[in-house]
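Chemist: Pasting a structure below so you can have a look.
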């Protein structure tokens, strides 16, 4: 079907149109033009917007990050302050809390650096990062310094309390010692009194002795007349001496110096005797002169004794006094020592307080001032009369305390320097963060404005261009299309009318015209071919139906044949017996006839003949009746099969008859059929179809269900399901149907036993009969190795009309 | 990190310091100096000894010589050349302004001896006291040369053989000082600090001296015989024995010297205290200045000897703890002449002697007594009072005088006290240490330890010969003769040889009293038994 431009020339509208058509743009281009403009503009806008939006997002997230950094820096500063201000035990917590915002800030800064495009931003970020690194590093140093300080301060407190402890110990010792001092003093006091008593009594004795000596000399030197008077004086001196001796003696005895008292008394007694003799008026001075000195050895001894006593006890008295003075001095000194120690303790406590205050306010100046002050205390500890037992300890403890203070002061300086450095860094960071925030925010806003402008401009341009182009293009498309439409409508009215004009055009309309022409031609050709092939198909289908019907008929006949063969076999037996019996009877009759004719018929023979006849006729009757029965049964079955009529019958009896007719087939394989069916169950259906169904199922079971030599049991259970339905369950215990075959067993010509002569129609027929003729349903359950089970649900009464078409179809 | 370690170290040291063991020794008086080269009293020696070592030393509790800073020595056959091999690994103490850079060597030994011996030695003049003991021992004349052989050997040559030379070297004044320290001080222009802040090799490091209060020491970690068990040693200067006892009882000190003999029984009875006693290797005497009238007259000296009731002094002041003396050496020292008949206590005979000497009207004089307890005299003042009472009986009116111990000693040694109580504890176990040091002509010079300033040619000859006599028997014979001269010439009134007491708290372990009157703290420890 060739189309040449020449063909279409008479139909062509005009030369101008052709020219225009040739020059005209293809619709595709036009549409592309119409859609393309706005799309391109939209795409451009989109690309620009996406880029700008990306920029804006970047800027906005930059601003957010900068804000976060700012907040984190402030949090870090707060935590740092808390760290510094908190108690040593709580510092770790703040240190940990410090780490969180700084890490975040660091991460944010890293992110921000990736975001930043601008050199100024990068510089600000770099600045902030540097400050942050410095800040974190300073915090590490601050922690180290603070820990050291805390440790030193704790240690200093330990040392200060050690000092206090030492002073307390010293005071306790001093208190204990005071008791000893008091005891020693009172002992000395007692001794002093004793010594004083002895010394006083000794002086009394000495002066009494010298007085007595003087009196004695007076007696010796005196005139006769004066002797009496002097004797009186001597007596007085004697009395005084006795008193003195008694006094000293008693003092000595009181002080437990009894021996000395005895000695004294003995000497004093001798001396007294001498003086008494002198005082005696009867004696002469010559006697006394003969005796030498007035007191003689006795007086000298007594005097020396007294002198010695005085020497011992005066010196002792003084020594004791000195000792008491020393003890009192010591007591005062000890008190001073204690006071000095206490003062030092107080000074230490004050210094400790001052130091604690300095630490708390983190003032190295105050701390240094305390250190200066403490020098005086250090000097005092060395210089004051502190108990030597603790002095060295105190010096050491205080020296260490001062060392600690000195180190801590330095630590405070470091701490403060670090804090100041950190504050500066934090200031730099927050400033940078603020700047960045501002810059990013501004940038985001600027980009937002750009996007708006781009969108508005782009949309306007797109609209104008799109609309213009669309109008032009639409006109250039619509008019040729209308023409084409008219042409096509004409052609649809009569395909044979000819061709559509405009096929000369180069554009899509030309293409469409050409295509329509081709299409119409093609339709004509196809229509023709279709008609021919439909005819052929119809023929084939008819043939096919015929063949199938023939096959099914053949199958039916085959099963009928089987039935016939079975029935023939059944009949054969009674007929055979009847034949044999009749043969025997025939012989008997001829024998009897001979006997009777020969007249040698004996009574006995007659009786035997009669009996034999009776028996024979009975046998004949029985067997022939049986044969007749069988024929009847067969006739019915066969009739059913053949007629395909619907009738009403009692199912159990019918089933029994059917199974009888199937008997030989079953017996051949040695299979058993168990049928259960309630008696008196009347059904109105197509017995032929039903018989065919059951026969086919049995055949199928025997042929396919069991291997050669296998004996099976086939169960047929019939029961009414309800008033209208009947269920027949047909089951064998054979090998079952594999799953892949299960769906296909009802297909026509499907068989697994093609080699064994199966047609593959048996179960197809069953299916068709059950579903069509018998108006029932069929279910198959099978498990390989566990037999197969067909469940057939049938209506008790089948309507007449239903089965016919199907049957007819098959037939 | 370094700082942390330092802090930990401080903590450890702090903990150590908190558990410091402090031994407080209640001593009787201020040391006259801290450099043993400058002292002559046991008080001074005891204060110096913890810080120093000598080439050789007396084994504690005896007069046996044993090696100390000299590991070994050899003596030449003629007895005049001694070569000492020095011990290696001996370290000197650090001082606040000095850190030793080397171990002790021959330079230190030479410096220590030369300083005393060589009058032109730059450090010879750097002291006010001089080197009295060195001089009194006659070492100036005895020693001929002191030489460094090598870093570890020193040779000393003597002018003549001298039996007690090793014993002399063991005496505190021959302690070994640090030449390096001296050089450092000299370079800094403060050489006098050598005597003010001692640096030695001994078990304890000097830590400060407060007159009338304390001398403080710390254990020397680098001591060549090992660190001491106690950390701090303090001499608590307490002149009065009653106060010392109070302190001992209070636990303010753990050791006290010279308790009043009258308190001995009470100390022995106190369950917290221990009373130690040692037969004194000493002599307490009244020195009569033979160069001052009227004691330049032997009759007066003898009169004084007879006037004094020594028995009463022993009975009352010493509480019987000791024996009455008649010779200048203790009866436990070899060569003691027991044949000497002591002067009787006879005031009448004494008076006659005074009249005979032309002092019928008596005399006025001064009797000086020591202000502190001494091992040989527990209470100088009371002894002086008793003596004054006795002397009053023969017309000697003695004014009792005293002053600070240091000044007192100087006064006596300078020879300006007419009558003075003094005494001596043997320093080296040799009779020479009494006969020559206390009564020889060398010691009679002003500043010498012969406070009677007695110089008797016969006596001097005997004692000098005794020094170089080859055998002890010969020496003994010479000393016995010397004692006869001493008795006849009576420069002293020998009063008593005391039993020396020492009170200690039960907690003190390892402390032994020493016959030579030294208090040795090396190896002393404190147990925990002290209840107070």
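Protein chains in written order, with my numbering: chain G, 48 to 858; chain X, 291 to 822.
Glycine is no exception: its CB is placed at the ideal position from the N, C-alpha and C atoms.
1) Could you tell me how far apart the beta carbons of residue 495(G) and residue 103(G) are, in whole angstroms, since I believe they sit closer than 8 angstroms?
2) Residues in its own chain within less than 6 angstroms of residue 506(X) by CB, not counting five upstream and five downstream?
3) Between residue 860(X) and chain G, is any beta-carbon pair separated by less than 7 angstroms?
4) Are the CB atoms of residue 834(G) and residue 779(G) within a distance shorter than 7 angstroms?
5) Report the three-state DSSP secondary structure of residue 570(G) (helix, strand or coil).
6) Classify residue 565(G) as helix, strand or coil using the three-state DSSP reduction.
7) Let me make sure I understand the geometry here. Which of 222(G), 174(G), 591(G) has the alpha-carbon closest to that of residue 475(G)?
8) Taking the C-alpha atoms as reference points, what is the distance between residue 431(G) and residue 249(G)?
9) Pair every Cβ in the segment 550-558 of chain X with every Cβ in the segment 708-725 of chain X, then say whether three or more of these pairs are closer than 8 angstroms.
10) Please list, in chain order, the chain X residues whose beta carbon lies closer than 7 angstroms to that of residue 434(G).
11) So which residues on chain G does residue 314(X) lean against when the C-beta distance must stay under 9 angstroms?
12) Could you confirm whether any beta carbon from chain G is found closer than 7 angstroms to the beta carbon of residue 553(X)?
13) Starting from residue 734(G), trace the alpha helix (DSSP H) both ways and give me its first and last residue.
14) Please list, in chain order, all residues of the same chain as residue 656(G) whose beta carbon is under 7 angstroms from its beta carbon, the five residues on each side excluded.
15) If we count the other Cβ atoms within 10 Å of its Cβ and call it buried at 16 or more, is residue 810(X) buried or exposed?
16) Do residue 213(G) and residue 437(G) have their CB atoms nearer than 7 angstroms?
17) Assess contact between the segment 684-691 of chain X and the segment 717-729 of chain X, defined as three or more Cβ pairs (one per stretch) separated by less than 8 angstroms. Is contact present?
18) Look at the alpha carbon of residue 426(G) and the alpha carbon of residue 435(G), and state the distance between them as a whole number of angstroms.
19) Three-state secondary structure (DSSP) at residue 350(G)?
20) Look at residue 567(G) and residue 538(G) and say whether their C-beta atoms are less than 7 angstroms apart.
21) When the Cα of residue 786(X) is compared with those of 609(X), 362(X), 366(X), 748(X), which residue comes out closest?
22) Please state whether the Cβ-Cβ distance between residue 779(X) and residue 748(X) is less than 7 angstroms.
23) Does the contact criterion of 3 or more C-beta pairs under 8 angstroms hold for the segment 788-796 of chain X versus the segment 564-574 of chain X?
24) Three or more C-beta pairs under 8 angstroms: does that hold for the segment 407-419 of chain G against the segment 572-589 of chain X?
25) Pair every Cβ in the segment 374-390 of chain X with every Cβ in the segment 466-477 of chain X, then say whether three or more of these pairs are closer than 8 angstroms.
26) Rank 751(X), 693(X), 680(X), 773(X) by C-alpha distance to the C-alpha of residue 724(X) and give the top, closest one.
27) May I have the straight-line CA-CA distance separating residue 814(X) from residue 803(X), to the nearest angstrom?
28) Can you look up residue 648(G) in the DSSP assignment and give me helix, strand or coil?
29) Looking at residue 367(G): is its Cβ nearer than 7 angstroms to the Cβ of residue 239(G)?
30) Could you tell me the distance, in whole angstroms, from the CA atom of residue 629(G) to the CA atom of residue 641(G)?
31) Would DSSP call residue 85(G) helix, strand or coil?
32) Using the beta-carbon count (16 or more within 10 Å), is residue 290(G) buried or exposed?
33) Measure from the alpha carbon of residue 454(X) to the alpha carbon of each residue in 655(X), 312(X), 753(X), then state which is nearest.
34) Any C-beta of chain G sitting closer than 7 angstroms to the C-beta of residue 534(X)?
35) On the DSSP bridge assignment, give the partners of residue 494(X) in chain order.
36) Taking the continuous alpha helix (DSSP H) assigned at residue 779(G), which residues delimit it?
Modeler: By the coordinates alone:
1) That belief holds up - the Cβ atoms of residue 495(G) and residue 103(G) are roughly 6 angstroms apart, short of 8 angstroms.
2) Cβ-Cβ distances below 6 angstroms link residue 506(X) to 497, 498, 524 in the same chain, with the five nearest sequence neighbours on each side left out; the list follows chain order.
3) Chain X is shown from 291 up to 822; residue 860(X) falls before or after that span and cannot be answered.
4) It is a contact, given that the beta carbons lie within the stated cut-off.
5) Residue state, collapsed to three classes: helix.
6) Note: residue 565(G) maps to helix in three-state DSSP.
7) Per the C-alpha coordinates, the member of 222(G), 174(G), 591(G) positioned closest to residue 475(G) is 174(G).
8) Residue 431(G) and residue 249(G) have their alpha carbons spaced roughly 47 angstroms apart.
9) Flag = no, the segment 550-558 of chain X and the segment 708-725 of chain X do not touch.
10) Ordered by position in chain X, the residues that pass the 7 angstroms Cβ test against residue 434(G) are 542.
11) Neighbours of residue 314(X) on chain G, chain order: 434, 435, 436.
12) Residue contact with chain G for residue 553(X): absent (no Cβ-Cβ distance below 7 angstroms to any residue of chain G).
13) Secondary structure note for residue 734(G): its alpha helix (DSSP H) is the uninterrupted segment 734-747.
14) Contacts found: 635, 639.
15) Under this definition residue 810(X) is a buried residue.
16) Yes, the Cβ-Cβ distance between residue 213(G) and residue 437(G) is below 7 angstroms.
17) Taking 8 angstroms as the limit for Cβ pairs, the verdict is that the segment 717-729 of chain X does not touch the segment 684-691 of chain X.
18) Residue 426(G) and residue 435(G): Cα-Cα distance of roughly 15 angstroms.
19) Three-state result, residue 350(G): helix.
20) At the C-beta level, residue 567(G) and residue 538(G) come within 7 angstroms of one another.
21) Check the Cα spacing between residue 786(X) and each of 609(X), 362(X), 366(X), 748(X): the tightest is with 609(X).
22) Cβ distance not < 7 angstroms, so residue 779(X) and residue 748(X) don't count as in contact.
23) Verdict: yes, contact present.
24) When C-beta atoms of the segment 407-419 of chain G are compared with those of the segment 572-589 of chain X, fewer than three pairs fall below 8 angstroms, so the two segments do not count as touching.
25) Two segments are said to touch when three or more pairs of C-beta atoms, one from each, lie closer than 8 angstroms; by this definition the segment 374-390 of chain X touches the segment 466-477 of chain X.
26) Closest option to residue 724(X), Cα to Cα, is 773(X).
27) Just so you know, the alpha carbons of residue 814(X) and residue 803(X) end up roughly 12 angstroms apart.
28) DSSP places residue 648(G) in the coil class of the three-state scheme, outside both helix and strand.
29) Result yes, Cβ atoms of residue 367(G) and residue 239(G) sit closer than 7 angstroms.
30) Residue 641(G) has its alpha-carbon roughly 18 angstroms from the corresponding atom of residue 629(G).
31) Helix, per DSSP.
32) Exposed.
33) Minimum Cα-Cα distance from residue 454(X) among the listed residues 655(X), 312(X), 753(X) corresponds to 753(X).
34) Residue 534(X) is outside the set of residues whose beta carbon lies under 7 angstroms from a beta carbon in chain G.
35) Beta-bridge pairing links residue 494(X) to 509(X).
36) Careful: residue 779(G) lies outside any alpha helix (DSSP H), inside the beta strand (DSSP E) at 772-779.
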